[in-house]
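J.: This is the structure I have questions about; it appears just below.
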Amino acid sequence: MVFVSCYCLENNDLTVLESRAKKKKSSVKLLVMILLFVLSKVAIFKAVSVFLMMSFFQKLFTLGGLVFKYFMRGKTEKPSSVYGPPQNYDTVGYSYGPPEDHQNYHQEGYPGRNVASSFDWLLNKHVSKFLERYTVLSNNQHGFREGRNTVSALTELTDYTNESLESGKQLIALFIDYKKAFDTLHHDMLLQ
């Protein structure tokens, strides 16, 4: 069942006040419609630009991976022993070779001879110092930072736990054992 109601004047002439009210109402509606139209176009433009940037970086990293793969293909060396340095050399530090051969020792500030050691040198020299200088990393991160390790992380956790318990706060701890995730791996296949 539908109810319809109409308001009709006896004559079709609107009073001056009613016509002004209708004009104001219609101009407000028009402005709202224009505003919604502009906002919808902006939202569409933002969504499209995000997808274009994602596809651009996907293509860029794909190209970078192909270039990296091309340069790494030329290095076909026999894989090193899994269990440490060769047995016939007395090695010091991270250098392999006879002690009298000074070319095997890394100099301070030397990027290295291969891509991996050069990349490691670049990260340590520039990125790590930048992150420390501008305090980008959280103080709670202990891994891969100078002067911090698992012992400092455990010490900080123990101190926080003791302070919380002494002040009467509730403390919830969640311990995750990642060891079980690696128990299902085929270790012989990983070592090959």
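Just so we're aligned: 1256 in my numbering is position 3 of the sequence shown, and the numbers increase by one with no gaps anywhere. From the three backbone atoms N, C-alpha and C, an ideal C-beta is built for every residue, glycine too.
(1) How is the alpha helix (DSSP H) around T1408 delimited, first residue to last?
(2) Could you tell me the boundaries of the alpha helix (DSSP H) in which M1398 lies?
(3) Just how far apart, CA to CA, sit F1383 and L1390?
(4) Between F1397, D1373, N1367 and L1288, which lies nearest to M1325 when the distance is taken from Cα to Cα?
(5) How many whole angstroms separate the CB atoms of L1424 and T1414, which I take to be in contact at a CB cut-off of 8 Å?
(6) Nearest to L1427 by CA position, among G1396, L1410, G1421 and E1416, is which residue?
(7) Between V1301 and V1291, what straight-line distance do the alpha-carbon atoms span, to the nearest angstrom?
(8) Looking at H1395 and R1401, is the spacing between their C-beta atoms short of 8 Å?
(9) Over what stretch of residues does the alpha helix (DSSP H) that includes F1372 continue unbroken?
(10) Please classify L1424: does DSSP put it in a helix, a strand, or coil?
(11) Which of the three DSSP states is assigned to K1432 in this structure?
(12) Would you identify the three-state DSSP class for Y1387, choosing helix, strand or coil?
T.: The short version:
(1) T1403 to E1419
(2) Looking at the sequence itself, residue 1398 is Arg, so the reference to Met does not match. Run containing R1398: none; DSSP gives neither H nor E here.
(3) 10 Å
(4) N1367
(5) 6 Å
(6) L1410
(7) 15 Å
(8) yes
(9) V1368 to L1375
(10) coil
(11) helix
(12) coil
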